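J.:
Chains as they are written, first to last, in the numbering used here: chain G, 358 to 796; chain U, 5 to 373.
1) Taking 8 angstroms as the cut-off, decide whether the C-beta atoms of residue 624 (chain G) and residue 776 (chain G) are in contact.
2) In terms of residues, what are the limits of the beta strand (DSSP E) holding residue 406 (chain G)?
3) Just verifying my parser: in three-state terms, what is the DSSP assignment at residue 213 (chain U)?
4) Check whether the segment 730–743 of chain G touches the segment 576–590 of chain G, counting contact only when three or more Cβ pairs, one atom from each stretch, lie closer than 8 angstroms.
5) Does the distance from the C-beta atom of residue 656 (chain G) to that of residue 190 (chain U) stay below 8 angstroms?
6) In angstroms with no decimal places, state the Cα-to-Cα distance between residue 343 (chain U) and residue 596 (chain G).
7) Run through the DSSP bridge pairs and tell me what residue 562 (chain G) is partnered with.
8) What do you reckon, are the CB atoms on residue 472 (chain G) and residue 465 (chain G) nearer than 8 angstroms?
9) Scan the segment 461–536 of chain G and note each continuous beta strand (DSSP E) run of 3 residues or more that stays entirely inside, going in chain order.
10) Just checking, does the segment 506–518 of chain G make contact with the segment 526–537 of chain G on the three C-beta pairs under 8 angstroms criterion?
11) For residue 326 (chain U), return the contacting residues in chain G, with the cut-off set at a CB-CB distance below 7 angstroms.
12) From residue 441 (chain G) to residue 109 (chain U), what distance separates their C-alpha atoms?
13) Give me the subset of the segment 187–202 of chain U whose CB atoms are less than 8 angstroms from a CB atom of chain G, sorted by chain position.
14) Which residues, in order along the segment 653–672 of chain G, keep a beta-carbon less than 8 angstroms from a beta-carbon of chain U?
15) Would you please verify whether the beta carbon of residue 119 (chain U) is less than 8 angstroms from any beta carbon of chain G?
16) State the start and end residues of the unbroken alpha helix (DSSP H) segment that holds residue 47 (chain U).
17) Give the C-beta separation of residue 562 (chain G) and residue 590 (chain G) to the nearest angstrom, bearing in mind that I take them to be a contact with Cβ-Cβ under 8 angstroms.
18) With respect to the beta strand (DSSP E) encompassing residue 202 (chain U), which residues constitute its N-terminal and C-terminal limits?
19) Counting only the same chain and skipping the five closest in sequence on each side, list residues whose C-beta sits under 6 angstroms from that of residue 637 (chain G).
20) Does the separation of the CB atoms of residue 535 (chain G) and residue 515 (chain G) fall below 8 angstroms?
21) Checking contacts by CB at 8 angstroms: is residue 50 (chain U) closer than that to chain G?
22) Report buried or exposed for residue 29 (chain U), applying the criterion of at least 16 other Cβ atoms within 10 angstroms of its Cβ.
23) Where does residue 329 (chain U) sit, in a helix, a strand or coil, going by DSSP?
24) Could you please give the first and the last residue of the uninterrupted alpha helix (DSSP H) stretch that includes residue 646 (chain G)?
25) Can you give me the C-alpha to C-alpha distance between residue 558 (chain G) and residue 359 (chain U), rounded to a whole angstrom?
26) Starting from the C-beta of residue 163 (chain U), find all residues in its chain whose C-beta is less than 6 angstroms away, skip the five residues before and the five after it, and write them out in chain order.
27) Rounded to whole angstroms, what's the CA-CA distance from residue 719 (chain G) to residue 115 (chain U)? Just pull it up for me.
28) Does residue 726 (chain G) have its Cβ less than 8 angstroms from a Cβ in chain U?
29) In the DSSP assignment, find the unbroken beta strand (DSSP E) run with residue 423 (chain G) in it and report its ends.
30) Can you tell me which of the three DSSP states residue 382 (chain G) falls into?
31) Measuring CB atoms only, is the segment 423–431 of chain G touching the segment 183–200 of chain U, in the sense that at least three cross pairs come out at less than 8 angstroms?
32) Quick one, which residues of the segment 619–645 of chain G are near chain U if we go by CB-CB under 9 angstroms, in chain order?
33) Could you give the residue range of the alpha helix (DSSP H) that holds residue 690 (chain G)?
34) Give the DSSP-derived three-state secondary structure of residue 728 (chain G) in the structure shown.
35) Just to confirm before moving on: does the CB-CB distance between residue 307 (chain U) and residue 226 (chain U) stay below 8 angstroms?
36) Residues in its own chain within less than 8 angstroms of residue 404 (chain G) by CB, not counting five upstream and five downstream?
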């Protein structure tokens, strides 16, 4: 017995040594010769086999139709630009990873749990999918796409999910990560803005709908708001499909809040902006990135003037020369429009982190074919540390939050930083917090 | 004979059972249910009005909620009238009527939007709104007549389920045509600037647009009432609704009368489309479907087939969904009651149908639909 344990221990040490040798070998060549320690037949979740001259298949699960089409299309554009830039320039000629083209398989998350379920299953059923960029909406990921894809061992990397539960202990799925911020940070910064000099509010009311995104945000806002000594006069919930929000707005107006925070999606958000203009013209209105899109500006006309919207601060990127001087012109060249929404840079970074991880873990079989072990790919993405992306420095936590220091800006309509915005499109308030700073 | 002689032996038990059976159980249950409903409602209202939240709820607040409800209810009523009149005359549910409403609203959007951009909507509001309404009415009437001619007339003598399915098919077809032509996104419908903001009436601040909607809707309903009761065409509509064959024997052109009924429904739906657009400032290919379901509910609540019923049902649903949840449910400590608006309305509908299967102003008989 003692001998056999001793043997096991020795073998274990040797195996570790081999793996670490493989890693150092990998980084020294910077290529695909490493990872020789992985045996695709025995490793959990197996490998994705890429045939010679076949493209690497990257899935996307983004909201590209309906009311939230701006959100998903914008992210998809970011992914396309990342593929374009694989050859080092934005020239509308796609680059390659390890000598293979990158092909996109697009599914629509419909910004709903149903869409996440259907799209997640379609992608999980396709064995050639290496990883998935998505979802656009937290509702499509939480308990749906994140679970389906994690069971299959497919990495789901979101550019725009912000619900706290997705990366919370207990609800986080092992193959889920995101480059978008956690709404615990956004809620805290909105609360700080509303209490600050510019608004100077003491009382606030909130409206959420049935989606986890809006509930996560209003909960984070309320916790930080009350912690800072503010009063929440009313927190209401609506059905996002509804049209007539006048009764709920009258109920809120009866409690007379200084601030109304309603981080709901485009359709309900536009309706509330227009109906609240009649009912409570003097209340400061704040929305968040789910509503910050060019469709909202088109729908609401001048009713939106003066409405604040919080989102990751793009002006912080704009001092970043790569974003302002190369990325944005390339976006306009390729798609003929200014960015439609705010998560294109997050999608661009997510795609690049995945490409980098593929380069680290893919096994070059010598005949032009590649084997990409799923577990190792996931581990390589989660091990990302100090990666210099467009959205800042990307370091992933064990729970999948890859944006740990987040700069949130607040923009005043019509100066929203999207297509259709006008005037000064700079943030009127901006702050940076990390996950440890907030409740 | 032996059977007849044997009968008294078992008849004791039979008589006991039948006394039990003869008790008016249905009525007893209804009375008990009514007592429970009244009790719950009273307790709910009492608790709401004595709760700490009630300090915020002034008389003005309740008045504002009621006006909001009436204004939404007015739009529902106008669409519900279309459902109800067609049902009255053909005994079929025109499920595509929501689409008639949406088509008018959508078409008029393009005119309203152009007038808003050129400034005409604000400089000559009355003329602009009249033109926009005319466009909406023409398109709605066109769609309604087309539906009648293409989808329903060939099926007039088919079993009742057939035109119902056709109606659902037509509804999906029209919706998806609009989606195909104009995309899935919603369009921001402009509103004349003179209708923005609030105006005090008897000390209550009321949205100007709500007043405008109520005035237009009430005028339309009065005109409809006069049309149906005073004109020759109105009389022939009532005759066809009463008995199609006899009416035809009396020299009434039934096809023409049915077409006119669809057209009148289309006129009301078209005007409602503009009112809806200007109230909610948004129109989308699904607008007709969701509102159509609410309007159909209103028609059933009021008593489908009855003009007064559809009007009453629409206003009632509007007010109930605005006022009911806050007034009754808040007292029981239920959070965010407004998300229960729809659930509350359907609860009321179910309860009304338990007591009056034919709807409030209906015949009192259950109609199989």
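Built from N, CA and C at the ideal position, the CB exists for glycine as well. Just so you know, these numbers come straight off a predicted model, no measurement behind them.
T.: So, from the listed chains and residues:
1) no
2) 404–407
3) helix
4) no
5) yes
6) 6 angstroms
7) G:591 and G:617
8) Yes.
9) 486–491, 512–515 and 533–535
10) yes
11) 604
12) 43 angstroms
13) 188, 189, 190, 191, 192, 194, 200, 201 and 202
14) Within the segment 653–672 of chain G, the residues whose Cβ lies closer than 8 angstroms to some Cβ of chain U are 655, 656, 657, 658 and 660, listed in chain order.
15) no
16) 29–54
17) Sure, about 5 angstroms apart at Cβ, within 8 angstroms.
18) 202–205
19) 610
20) yes
21) no
22) exposed
23) If DSSP states are grouped into helix, strand and coil, residue 329 (chain U) belongs with the helices.
24) Unbroken run through residue 646 (chain G): none, as it is neither H nor E.
25) 51 angstroms
26) Correct list: empty, nothing qualifies.
27) 59 angstroms
28) Taking Cβ atoms only, chain U never reaches closer than 8 angstroms to residue 726 (chain G), which makes this a no.
29) It is not in any beta strand (DSSP E) - residue 423 (chain G) carries neither H nor E in the DSSP assignment.
30) Note that residue 382 (chain G) has pLDDT 41, beneath the 50 cutoff, so the model's placement of it is unreliable and the number below is only indicative. The three-state reading of DSSP puts residue 382 (chain G) in helix, counting H, G and I together.
31) yes
32) Correct list: 623, 624, 627, 628, 631, 632, 634, 635, 636 and 638.
33) According to the DSSP assignment, residue 690 (chain G) belongs to the alpha helix (DSSP H) that extends over 685–692.
34) strand
35) no
36) 395, 397, 720, 728, 729, 730 and 731
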